[in-house]
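Student: Following this message is one structure expressed as structure tokens.
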Amino acid sequence: MLAERNLEPDAFTFSAAISACARNGEWAQAFQILHVMAQSRTELNTVTFSATISSCEKSGNWDKALHVFSMMLQSKVEPNIISCNSVASAFARVGEWEKALHFLSVATWNRVDCDKITCSAAISACEKGGEWEKVLHLFSDMVHDKVQLDVVVISAAISACEKCLQWEKALHLFGSLGGRTIETNTITFNAVISACEKCLQW
């Protein structure tokens, strides 16, 4: 359509196309558009990179998400919390806890303020990998850095302890909610009960 009218796509046009791909998880198309954008020397920006990373995350392609994030840094485009959350979530989907923790360090080194979504994704990745000690360390860091906690973070942390038969740790985490206004759910209670049941602590 643009070619027929002899119109050159600009950054806004490319960004809109990539965002449309991201909504549908079409990572390959988004990646291709980003490549064309770079070849045409159109200015790459945070929106285009973040949307491309998001499309990779939704499709479970953590390696592609990380590759685009690296391109973002090489292009000297400042990452934002959305791009960081998408990469961290991509790792969480497949339980790549080591990469999730490394990425969290890289994001911090690049002075990106990680929020509860970034930290939750890292905790989820560690939980899937059975790394309960890493989960507790991350949870402690979140409390220390005053990152907002929610039921997702709490449930993932308790679930990690439950899977590794750490019933005392699970109870300790649950007990630490006493002075906090965090709404627990069935998953939270089930994880605590299951941890005690597996270790015959009933």
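Under the working numbering, the final residue of the sequence shown carries the number 204; numbering is consecutive throughout.
Even glycine gets a Cβ: it sits at the ideal position worked out from N, Cα and C.
Keep in mind the model is a prediction, meaning the values are calculated, not measured.
Does the distance from the C-beta atom of Glu132 to that of Lys101 stay below 7 Å?
Tutor: The sequence as given places Gly at residue 132; Glu does not occur at that position. For Gly132 and Lys101, no; Cβs fall outside 7 Å.
Student: Please go through the stretch 111-165 and give each complete beta strand (DSSP E) segment of 3 or more residues, from N-terminal end onward.
Tutor: DSSP runs (the beta strand (DSSP E)) wholly in the stretch 111-165: none.
Student: Please confirm whether Asn87 and Ile119 have their CB atoms less than 7 Å apart.
Tutor: Yes.
Student: Is Asp12 helix, strand or coil by DSSP?
Tutor: Asp12 falls in the coil class under three-state DSSP.
Student: To which residues of the same chain is Ile84 closer than 6 Å at the C-beta, ignoring the five residues directly before and after it?
Tutor: Same-chain partners within the cutoff: Ser52.
Student: Find out if the Cβ-Cβ distance for the pair Val137, Ala159 is shorter than 7 Å.
Tutor: It is a contact, given that the beta carbons lie within the stated cut-off.
Student: Output needed for Val155: all residues of its chain with C-beta closer than 8 Å, excluding positions within five of it in sequence on either side, in chain order.
Tutor: Closer than 8 Å at Cβ, skipping near neighbours: Lys118, Cys121, Ser122, Ile125, Phe141 and Met144.
Student: Where do the N-terminal and C-terminal ends of the alpha helix (DSSP H) with Gln168 fall, by residue?
Tutor: Gln168 -> no alpha helix (DSSP H), and no H or E assigned at all.
Student: Should Glu45 be labelled buried (16 or more other beta-carbon atoms within 10 Å of its own) or exposed?
Tutor: Exposed.
Student: What number of angstroms, rounded off, separates the C-alpha of Ala127 from the C-alpha of Phe33?
Tutor: Roughly 25 Å between the two C-alpha positions.
Student: Using three-state DSSP, classify Glu98 as helix, strand or coil.
Tutor: The answer is coil: DSSP assigns Glu98 none of H, G, I, E or B.
Student: Is it true that the CB of Trp64 sits closer than 7 Å to the CB of Phe93?
Tutor: Yes, the Cβ-Cβ distance between Phe93 and Trp64 is below 7 Å.
Student: Rounding to the nearest angstrom, what Cα-Cα distance links Trp99 and His37 in this structure?
Tutor: Cα to Cα, Trp99 sits roughly 29 Å from His37.
Student: How big is the Cα-Cα spacing for Val89 and Glu170?
Tutor: Their Cα atoms are separated by approximately 32 Å.
Student: DSSP three-state label for Leu68, please.
Tutor: It is helical.
Student: By how many angstroms is the C-alpha of Arg95 removed from the C-alpha of His139?
Tutor: Their Cα atoms are separated by approximately 20 Å.
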